[in-house]
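Here is the structure we will look at.
Rendered as structure tokens:
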């Protein structure tokens, strides 16, 4: 009995060979480029050549900026309320079907939004959304 | 039969200790003394009302405590522990009276002494192993604080060493107890139910070896107790504490805790491990003789009263061990009697050496050139000299004092093991007369020098508390019959299970 | 709808939390007093309701997601009491910024809500979510210290370890779901009884779950973060986390390990290992290592809070011994120890926080002479420490005895030996600390300020502890009975 063969002619375990080839080729090209430059390139470093490339402008200051924590705060709050928004979608899908039974589905979503609104007012009052 | 006297002996000191936290000095000292005396009076009434010729446990109190683990509050007295009740009853009011003039934290000190008294009463009377270990473990804590707070220069180190030795000893005893508990079905901690060799023949599996419960538990328990009641060579913490502890605390240790640990050893040997005892008694006697000798020889080299007391205690412990291991009614009765006498004798010694140290500022009686440091106290303070002389006589085993009865009974009893033991122990007791006489001569006799010229005699308070000790030593030496009649039936019953 | 009655304690805590948050943004007066009053009232109501819920018997709630039984109610009572004690002590500490004390109260309430959910979770996803909820709030609490680098470091370390642990937990649960296609652990149990997992897969699942849970309870090898958190976080937070997070970890460990990895054994109240591998051996090795590591490292510490942290690690090792015997007696012993530690650890950290406020340091050398300066507090501290390590006459001794006894009763003598040795070592560590506390008693040192509120709080802790010791039989019986309810 012949081993089960995929429609394209590969055996089951062999369907991922192209991925392996891709991986190897990618590694080869990347490493190869680096190796070739190291071996064949002229190696006379000097201070000016080793500076980071800033489109021709001279770089100044330290590369370690401190970002204001406001960005982080806004991003996290966005994440929270965005996930809240995501929960609306499945609710919306079954809304009509359950509305015909009774209005509990509306109350349930109202409670959910209400709790998050309390959170939103807390955030507002605590001043987390102030930019300055 | 539910009497409540034993519980009262526990409750009175604990109430006294609690009251120490709220009442101020000077009234707190009277409350401490009163509660200690109340407990002592209850103990004495208890012993006096015991029936002679009765080998059973008397005055029992039995209440279940933790039902699911079969732990009960079980207290009783019989021949083995009656004398220790008397010892603790006499000892602790005396100690509290001796600490009357303590300047710093007298309430704490007397409170801790009261807690120690209650825990020793409990450990002596408990007939349930868990309860007994509970009280025994409690007795370690007050000592640690008493030495660590009120001691001498190196007090914290001494207290720390005492705590380490105490915890290790307690842990070994604890492992023995749990081993015993789980080897029987149904599990029980009650000494009554475990009595009479129930443990013989039980085995347990440890890392692939089949070990006998009885033998392993016996070894663990004796190792643990030899740390707490110092047996040479595990006595290092004891001599350090002797140097650093205040005198009354060291007296509580050698005259209270050490006899109780010897009692625990004898109780466990005879009641729990009669089979192991019949194969180990020679070792016990051997260790006893070793302690007797080493204690005596080390005592001969001592120049200070404190270390001398420590080594005398070591010798006495050896003597009692010899009696316990003799498996002879005379020897065992002697060992029980000697527990009481040793306690009283060591207490008296510790107390008068404390008085001397307080008066003269040092407890050395001989300096490096073997010259006397003090001397001629008998001319300055005859009462001290007489009292100390009586106590020293008892420690030496002079006829007419309690020490003689104990020594004689033990030595006679040890003949049954081997006649050589009589000669060896007699020789060791001769050493005792050497160092005790030397100490007495250097301190009390001879010419007066400038340090002892201002020695004042005993105050009324000091006479009041030294008197019970000396009187009981005389009384129990001249009329030992009632106590021996109390001890004998129990000892005979117990020994019959060993053979 | 009527099932909401079963989760009334959690609803009450959530409502209290909502009130606290609302009052924080609307009330302009003395916020802390109002917030404390509301939260204590709410917690008191939740406590009474939890006691009242005992009559409902073991019931699945919301289709098996939560499980209301005696086991979860026992833990809920512990958590609510812990939250009340923590909130009652917050007004007196200087380690938390006064402006953020109401936030602290809110976080404590949130954490106790999470803990209550953790102890009753019977669904894989809810267990993970509530554990994560608890851990995230704990990270905030650990980093709450006022201008303290140590506190921030503690929070970050806790976060790093916690996320790894959460990932491992989720992975093991995912494997279980993949094999059994059900989310309820009781359903999983039924599937595993019928068709067990291959032993290697069972081993992998067990190891991951063990690693994750050992982070939560502070066992080897995930104990590394516990002393850092104990030392760095503000002392009231250390009190709260050392009892609460660990108890929640034990709740979930007992429930999950017993339901997923064991089957009912021969006799009533015993369980046997399911799945072909004897995981109790691995558990025993981990417990022994935890005890030894905790006690040995406690001997060398120079910081008191860190010393207590290592003692806590050793305690975890002891309590693990109660779980591995797979016996009702052993788990009752574990629960008894948790109750004792609730009072002992809260008391220890309370006195330490008072001392830290006065002395501004938690080095052992700086605590010298505490007995002279604050007698009542120092005596309480030493008493609570001795209770923690299991020294007679304190109830901790009965707790240790029940645990070591359970282990000996099941025949594991080497482990019992390690346990006794660890007890001695931790007693020596406490002796070393009290050596310094009682030192210099004869010198005259400046006394520390004393308030009756402080003494009252400590008395409130000492009394239940003493009662739990005297009535140990009752408490053990109650713990054992609440186990009979583990919904099977």
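Protein chains in written order, with the working numbering: chain A, 437 to 568; chain B, 34 to 532; chain C, 1417 to 1904.
For every residue, glycine included, the Cβ atom is placed at its ideal position computed from N, Cα and C.
Inter-residue Cα distance where the pair is residue i and residue j
{"i": "residue 1527 of chain C", "j": "residue 532 of chain A", "result": "37 Å"}
{"i": "residue 228 of chain B", "j": "residue 304 of chain B", "result": "5 Å"}
{"i": "residue 444 of chain B", "j": "residue 106 of chain B", "result": "38 Å"}
{"i": "residue 1711 of chain C", "j": "residue 1484 of chain C", "result": "37 Å"}
{"i": "residue 437 of chain A", "j": "residue 449 of chain A", "result": "Caution is warranted here: a pLDDT of 47 is assigned to residue 437 of chain A, below 50, making its placement in the model unreliable, and the coordinate value is therefore given only provisionally. So the alpha carbons of these two residues sit roughly 17 Å apart."}
{"i": "residue 1441 of chain C", "j": "residue 516 of chain A", "result": "20 Å"}
{"i": "residue 1707 of chain C", "j": "residue 1839 of chain C", "result": "9 Å"}
{"i": "residue 1470 of chain C", "j": "residue 1660 of chain C", "result": "21 Å"}
{"i": "residue 1597 of chain C", "j": "residue 452 of chain A", "result": "28 Å"}
{"i": "residue 214 of chain B", "j": "residue 159 of chain B", "result": "16 Å"}
{"i": "residue 1851 of chain C", "j": "residue 559 of chain A", "result": "50 Å"}
{"i": "residue 1625 of chain C", "j": "residue 527 of chain A", "result": "34 Å"}
{"i": "residue 1572 of chain C", "j": "residue 548 of chain A", "result": "31 Å"}
{"i": "residue 540 of chain A", "j": "residue 1611 of chain C", "result": "41 Å"}
Beta-carbon proximity check, residue i vs residue j, cutoff 8 Å
{"i": "residue 307 of chain B", "j": "residue 525 of chain B", "result": "no"}
{"i": "residue 1374 of chain C", "j": "residue 1429 of chain C", "result": "No answer is possible for residue 1374 of chain C: it lies beyond the span of chain C, which begins at 1417 and ends at 1904."}
{"i": "residue 435 of chain B", "j": "residue 509 of chain B", "result": "yes"}
{"i": "residue 275 of chain B", "j": "residue 342 of chain B", "result": "yes"}
{"i": "residue 1736 of chain C", "j": "residue 1702 of chain C", "result": "yes"}
{"i": "residue 1666 of chain C", "j": "residue 1548 of chain C", "result": "no"}
{"i": "residue 1729 of chain C", "j": "residue 1639 of chain C", "result": "yes"}
{"i": "residue 1397 of chain C", "j": "residue 1578 of chain C", "result": "Residue 1397 of chain C cannot be examined here, being either before or after the span of chain C that is shown, 1417 to 1904."}
{"i": "residue 1583 of chain C", "j": "residue 1649 of chain C", "result": "no"}
{"i": "residue 1693 of chain C", "j": "residue 1761 of chain C", "result": "no"}
Whole-angstrom C-beta distance between residue j and residue i, which should lie under 8 Å
{"i": "residue 387 of chain B", "j": "residue 280 of chain B", "result": "3 Å"}
{"i": "residue 392 of chain B", "j": "residue 488 of chain B", "result": "6 Å"}
{"i": "residue 458 of chain B", "j": "residue 355 of chain B", "result": "6 Å"}
{"i": "residue 1809 of chain C", "j": "residue 167 of chain B", "result": "6 Å"}
{"i": "residue 325 of chain B", "j": "residue 352 of chain B", "result": "6 Å"}
{"i": "residue 1824 of chain C", "j": "residue 211 of chain B", "result": "5 Å"}
{"i": "residue 180 of chain B", "j": "residue 192 of chain B", "result": "4 Å"}
{"i": "residue 506 of chain B", "j": "residue 427 of chain B", "result": "5 Å"}
Close Cβ partners of residue i (< 6 Å) along its chain, the five nearest in sequence each way excluded
{"i": "residue 1654 of chain C", "result": "1646 and 1765"}
{"i": "residue 1459 of chain C", "result": "1496, 1499 and 1500"}
{"i": "residue 1656 of chain C", "result": "1502"}
{"i": "residue 1898 of chain C", "result": "1486, 1487 and 1490"}
Residue-level contact to chain C via CB, residue i, 8 Å cutoff
{"i": "residue 301 of chain B", "result": "no"}
{"i": "residue 548 of chain A", "result": "no"}
{"i": "residue 554 of chain A", "result": "yes"}
{"i": "residue 558 of chain A", "result": "yes"}
{"i": "residue 561 of chain A", "result": "yes"}
{"i": "residue 243 of chain B", "result": "no"}
{"i": "residue 98 of chain B", "result": "yes"}
{"i": "residue 273 of chain B", "result": "no"}
{"i": "residue 105 of chain B", "result": "no"}
Own chain partners of residue i with C-beta closer than 7 Å, once the 5 adjacent residues on each side are dropped
{"i": "residue 35 of chain B", "result": "Any reading at residue 35 of chain B must be qualified, since the residue scores a pLDDT of 48, below 50, and its modelled position is unreliable; no value is offered."}
{"i": "residue 1680 of chain C", "result": "1687"}
{"i": "residue 1796 of chain C", "result": "1763, 1767, 1874 and 1878"}
{"i": "residue 1695 of chain C", "result": "1622, 1677 and 1689"}
{"i": "residue 1794 of chain C", "result": "1786, 1787 and 1853"}
{"i": "residue 397 of chain B", "result": "336, 337 and 406"}
{"i": "residue 1705 of chain C", "result": "1636"}
Any C-beta of chain B under 8 Å from that of residue i
{"i": "residue 1871 of chain C", "result": "no"}
{"i": "residue 1879 of chain C", "result": "no"}
Same chain, Cβ closer than 8 Å to residue i, five either side skipped, listed in chain order
{"i": "residue 490 of chain B", "result": "413, 414, 415, 416 and 417"}
{"i": "residue 1781 of chain C", "result": "1718 and 1852"}
Residue i at chain A interface by Cβ criterion, 8 Å
{"i": "residue 1889 of chain C", "result": "no"}
{"i": "residue 1756 of chain C", "result": "no"}
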